[in-house]
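The numbering of the sequence shown is the numbering used here, which starts it at 13 and goes up by one.
Note that beta-carbon positions come from the ideal geometry of N, C-alpha and C, so glycine has one too.
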Amino acid sequence: MKTPFRNLADSQQYHILTTAMAEFSEHGYKAASTNRIVGAAGISKGLLYYYFENKEALYLSTAEFAYDHFTTHLLGRFMTEAEGFIERLARLSRIKHVYFTQHPEIARFVTHMYYAEGLLEAYQSKMQKLREWSLRAMYDNVDMTLFRTDIDRETAMKMIGWTFEGYIKEMEQYFEKEGIDFDQVDTYFEQFGGYLDTMRKLYYKEAGQ
13 MKTPFRNLAD
23 SQQYHILTTA
33 MAEFSEHGYK
43 AASTNRIVGA
53 AGISKGLLYY
63 YFENKEALYL
73 STAEFAYDHF
83 TTHLLGRFMT
93 EAEGFIERLA
103 RLSRIKHVYF
113 TQHPEIARFV
123 THMYYAEGLL
133 EAYQSKMQKL
143 REWSLRAMYD
153 NVDMTLFRTD
163 IDRETAMKMI
173 GWTFEGYIKE
183 MEQYFEKEGI
193 DFDQVDTYFE
203 QFGGYLDTMR
213 KLYYKEAGQ
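Here you go:
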């Protein structure tokens, strides 16, 4: 990105870059249209090239911004504390869901970056760091002794993970249809408490065992 773009207000930079992210995520780099980007961003094509050398520079700038925003505003909030696996996934799911609903373009673009080839080759090491971090966030300092001894622990963790993924997907579909009130995010997740209690009964040992 050129100096004129860096001199824009943060909100303007965010708007232009997330607009580009939405286009690149949906169509990929080759099929993405700068005409659609400037139309959605509400700027002229001449202004776009005043801010960026070319389409490739814009793409790489969105990648850099998305990675930095994702690691700062999401990963920076993840702390691994001593807790059960169900509790860990519940806490991480809540943090991720709030971030993804507030920054959907960034979330989708980071997912796109996981699978992008060629142009984003320089970012593959960063993506690998994200994958390694994700594993640590899920398992570091988790109390595995809470699991029942009569079931396979790995199978239990997979089934718990699938349950969380299914619930989050259901919430996303609901919010897409009905909209989301960010002031009620805590209430939405409190409704998941009953599911957590059921999972604890299914996969955890009874107290005193």
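Limits of the alpha helix (DSSP H) - the one that residue i falls within
{"i": "N47", "result": "46-53"}
{"i": "H109", "result": "97-114"}
{"i": "E35", "result": "22-43"}
{"i": "L59", "result": "57-63"}
{"i": "R212", "result": "205-215"}
Short Cβ contact (9 Å threshold) for residue i with residue j
{"i": "F112", "j": "I172", "result": "no"}
{"i": "F82", "j": "L29", "result": "no"}
{"i": "H85", "j": "H115", "result": "yes"}
{"i": "T74", "j": "A119", "result": "no"}
{"i": "F17", "j": "F64", "result": "yes"}
{"i": "A44", "j": "Y71", "result": "yes"}
{"i": "E95", "j": "V154", "result": "yes"}
{"i": "H46", "j": "L60", "result": "Checking the sequence, you will find Thr at residue 46 rather than His. Cβ distance < 9 Å, so T46 and L60 count as in contact."}
Presumed contact (8 Å Cβ cut-off) between residue i and residue j, rounded CB distance
{"i": "F159", "j": "A168", "result": "6 Å"}
Environment of residue i [buried if 16+ CB atoms lie within 10 Å]
{"i": "M156", "result": "exposed"}
{"i": "R100", "result": "buried"}
{"i": "Y127", "result": "exposed"}
{"i": "S56", "result": "exposed"}
{"i": "E35", "result": "buried"}
{"i": "Y215", "result": "buried"}
{"i": "E93", "result": "exposed"}
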